[in-house]
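Residue numbers for the sequence shown follow our numbering, so the first one is 35 and each next one is one higher. We put the CB at the ideal spot given by N, CA and C, even for glycine.
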Amino acid sequence: MTTLLIATRNSHKVEEIRSILGGDYCYLTLNEYPDAPEVEEDRDTFAGNAAKKAEELAAWLSDRADKPEGRLLVLADDSGLEVDVLNGAPGVFSARYAALETGDAGNSPDSENNARLLRELKDAAADRRTARFRCVIAVVEVGEFESGAETFDGACEGRIQSGPTGDAGFGYDPLFVPEGFEQSFAELGEETKNRLSHRARALEKLKPWLDAS
Ligand code: ITT
């Protein structure tokens, strides 16, 4: 059986990825490798950051004696929100949007990122609040990392509402209303989100590649 190491420290992403890809794989996460290196996300695209995360983790894992037998793939997700009236911000800075303003190091709590987004959009009328989530999943086979990562992308169109609603999901979910709906991802819940999200769309492209390769 193929083993997938989901190389993220975001537990919500792990749950979504496992639930969308299903039970045909054996899963590991970074919880099983607490000493895994922290990869600096310094590229200016989601694809660049996702590939960097997958490649560095696969290279690190290839030297470990305790890796599982058989086919082992590292799967990394880089994702974020693009708001049209903000010229695509917060984009690759989605996880640290509030910290960029204050100068604090590291990622910011979701509540602070959401508060900054609402401040930036306070003068934007409802019809100018269009946005999309984007996700790139990068995959590298351990032992084969010289050939680089395969990447799979997905997007989900929607808009940013004027205040948070709902408590499911994570990140900007309480503010994001997907196209064709009147409720936020955080109100619609896991099952609906996992049918139409940016992550679901990227993973739908990955599945046939996993089965064929
Ligand atoms: P890893 O780098 O460890 O994977 P992270 O949370 O730092 O975890 P990213 O660098 O990819 O992940 O940042 C993604 C940010 O974009 C995340 O913190 C959210 O603020 C936002 N985001 C991405 N996908 C989202 C989703 O499905 N729902 C809501 N917000 C999302």
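Inset, instruction - Anything with a beta carbon under 5 Å from a heavy atom of ligand 1 counts; list them all in chain order. - result: Thr42, Arg43, Asn44, Asp112, Ser113, Gly114, Ser128, Ala129, Gly205, Tyr206, Asp207
Legend entry - CA-to-CA distance, Leu115 to Ala133, given in whole angstroms: The residue labelled residue 133 in the question sits at position 99 within the sequence shown. The residue labelled residue 115 in the question sits at position 81 within the sequence shown. The straight-line gap from Cα to Cα measures roughly 16 Å.
Inset, instruction - Within the same chain, show all residues whose beta-carbon is closer than 6 Å to that of Phe167, passing over the 5 residues directly before and after it, in chain order. - result: Within the sequence shown, residue 167 is the residue found at index 133, counting from 1. The residues are Leu115, Cys190, His232.
Inset, instruction - Take Arg235 as the anchor and find which of Ile171, Leu244, Ser181 has the nearest alpha-carbon. - result: Here residue 235 is taken as the residue at index 201 of the sequence shown, counted from 1. The shortest Cα separation from Arg235 among Ile171, Leu244, Ser181 belongs to Ile171.
Inset, instruction - List in chain order: all unbroken beta strand (DSSP E) runs of 3+ residues lying wholly within the stretch 85–131. - result: 106–117
Legend entry - Beta-carbon proximity check, Ser131 vs Leu151, cutoff 8 Å: As a first step, residue 131 must be located in the sequence shown, where it is residue number 97. As a first step, residue 151 must be located in the sequence shown, where it is residue number 117. A small correction: the amino acid at residue 131 is Tyr; Ser does not occupy that position in the sequence shown. Yes, the Cβ-Cβ distance between Tyr131 and Leu151 is below 8 Å.
Inset, instruction - Would you mind sorting Pro124 into buried or exposed? The rule is 16 or more other CB atoms within 10 Å of its CB. - result: In the sequence shown, residue 124 corresponds to position 90, counting from 1. By the 10 Å Cβ count, Pro124 comes out buried.
Inset, instruction - Rounded to whole angstroms, what's the CA-CA distance from Pro212 to Ala159? Just pull it up for me. - result: Locating residue 212 in the sequence shown gives position 178, where the first residue counts as 1. Locating residue 159 in the sequence shown gives position 125, where the first residue counts as 1. Spanning the two alpha carbons is a distance of roughly 17 Å.
Legend entry - DSSP state of Glu175 mapped onto helix, strand, coil: Numbered from 1 along the sequence shown, position 141 holds the residue referred to as residue 175. Note: Glu175 maps to strand in three-state DSSP.
Legend entry - Runs of beta strand (DSSP E) lying entirely within the stretch 152–230, each at least 3 residues, in chain order: 164–175, 184–194, 210–212
Inset, instruction - May I have the straight-line CA-CA distance separating Val108 from Asp157, to the nearest angstrom? - result: Position 74 of the sequence shown holds residue 108. Position 123 of the sequence shown holds residue 157. C-alpha separation (whole angstroms): 43 Å.
Inset, instruction - Output the distance between the C-alpha atoms of Cys169 and Gly82, rounded to the nearest integer angstrom. - result: For the purposes of this step, residue 169 is taken as residue 135 along the sequence shown, with counting starting at 1. For the purposes of this step, residue 82 is taken as residue 48 along the sequence shown, with counting starting at 1. Rounded to the nearest angstrom, the two C-alpha atoms are 12 Å apart.
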